[in-house]
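These notes concern the structure reproduced below.
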Amino acid sequence: MQVLDKTSLDTLKLINFQRGLAINLNKPPGWTSFQVVKAVRRLVKTKVGHAGTLDPFATGVLIVCTGNATKQINLFMDYEKEYLATLELGKITDTYDCTGVVLEEKKPPEVKLDQLQNVCEKFEGEINQVPPMYSAVKIRGTRLYKLARKGIIVEREPRKVRIKKIEIVSYDHPLVTLRVICSKGTYIRSLAHDIGKELGYGAHLKSLIRTRIGPYHIDNSLSIKEFEQAITY
């Protein structure tokens, strides 16, 4: 399937969006994945879908499919994902990320780099991960986030996910940035929370960038503005 990105913009005028293609977009902060889909649909005037939701605060690679290519969304969803995730140590939130209410806050001791790496390595391989309450996972037909908004906390069944690699990119206490390569279905928010729990003083996900879906990299991603300018001029 053809995937449109910065390297193939010169072919844009020849593209039949109804016939279908995928677009490698860089989701901006503050946008929902659905808002990106809506913006693309307005421009291409055909059906549009996306492969793999990013939370509004997150940025990075979002594969958007148009026309008949929407039938192949699962192909992209099955690819491994790569992220740059920044954790703030010592602070736990109800959403496991920077958008939530702070439930607990401690002044964490400065951990040695090798100790931090040892903790991260415990989460490599196939692991059982509990999805966060603020997620779209359904329990008896109801989305978890709908229950969470009502203050209802329920037991969640752990799910098997595979984390291929966790690499420490930078550490400026209490912030640590990790490069994570993982399977579909992995919640980076849960990973941040679990790493903090293992360290003994909590953590939450402060920022998140998806840098790759399969072979499609953020270096070649189009911004919404770049796509709009290319298609309208």
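Residues 14 to 246 (this note's numbering) make up the sequence shown, in order. Don't be surprised by glycine CBs; every beta carbon is placed ideally from N, CA and C.
Alpha-carbon spacing of residue i relative to residue j, whole angstroms
i: T106; j: G33; result: 41 Å
i: L160; j: I166; result: 7 Å
i: R202; j: L218; result: 6 Å
i: R223; j: T199; result: 12 Å
i: A64; j: V143; result: 22 Å
i: F30; j: L126; result: 49 Å
i: N226; j: R192; result: It should be noted that the sequence gives Ile, not Asn, for residue 226. Cα-Cα distance, rounded: 14 Å.
i: E180; j: Q15; result: 32 Å
i: T79; j: I36; result: 8 Å
i: Q85; j: A205; result: 31 Å
i: L100; j: Y229; result: 25 Å
i: V4; j: A82; result: Not covered by the structure: residue 4. The range shown for the chain is 14 to 246.
i: I194; j: A149; result: 22 Å
i: K151; j: G164; result: 16 Å
i: S236; j: Y96; result: 18 Å
i: R54; j: T190; result: 34 Å
i: L231; j: T20; result: For the record, residue 231 in the displayed sequence is Ile; it is not Leu. Between I231 and T20, the C-alpha separation is close to 12 Å.
Span of the alpha helix (DSSP H) around residue i
i: S183; result: Taken as a continuous stretch (DSSP letters only), S183 belongs to no alpha helix (DSSP H), being part of the beta strand (DSSP E) at 172-185.
i: I201; result: 201-212
i: N87; result: 86-90
i: E137; result: Taken as a continuous stretch (DSSP letters only), E137 belongs to no alpha helix (DSSP H), as it is neither H nor E.
i: V57; result: 46-57
i: R162; result: 157-162
Proximity winner among the options, relative to residue i (alpha-carbon distances)
i: K104; options: T83, G113, N37; result: G113
i: D110; options: V49, G80, Y147; result: Y147
i: N233; options: L204, L38, C133, V150; result: L38
i: K178; options: K135, L212, N87; result: K135
i: N141; options: I226, P42, D207, P228; result: D207
i: K238; options: L17, A52, E180; result: A52
i: G215; options: I86, K120, K58; result: K120
i: T45; options: T66, R55, V57, A35; result: T66
i: E117; options: G209, Q242, F240; result: G209
i: F89; options: S196, E241, A243; result: S196
i: D18; options: L221, V57, I76, I194; result: I76
i: N131; options: A82, S21, L157, E211; result: E211
i: R175; options: V74, V50, Y92, V49; result: Y92
i: K94; options: T83, R162, L102, V74; result: V74
i: Q250; options: G138, G213, I28; result: Residue numbering for the chain in the displayed model covers 14 to 246; residue 250 lies beyond these limits and cannot be assessed.
i: V124; options: I244, V61, Y184, K40; result: Y184
i: E241; options: T20, S21, V57; result: V57
i: P145; options: L22, L157, R153; result: L157
Terminal residues of the beta strand (DSSP E) in which residue i lies
i: L100; result: 94-102
i: L116; result: 115-118
i: S220; result: 216-226
i: N37; result: 34-40
i: A64; result: 61-64
i: L235; result: It is not in any beta strand (DSSP E) - L235 carries neither H nor E in the DSSP assignment.
i: R192; result: 188-195
i: V74; result: 72-79
Exposure of residue i, with buried meaning 16 or more beta-carbon neighbours within 10 Å
i: P122; result: exposed
i: A98; result: buried
i: V47; result: The residue asked about is misnamed: residue 47 is Phe in this sequence, not Val. When all chains shown are included, F47 counts as exposed.
i: T108; result: buried
i: V182; result: exposed
i: V115; result: exposed
Beta carbon proximity, residue i to chain B, threshold 8 Å
i: V74; result: Looking for chain B here will not work: only one protein chain is present.
Tell me, please, whether the segment 166-178 touches the segment 58-70 by the rule of three or more beta-carbon pairs shorter than 8 Å. no
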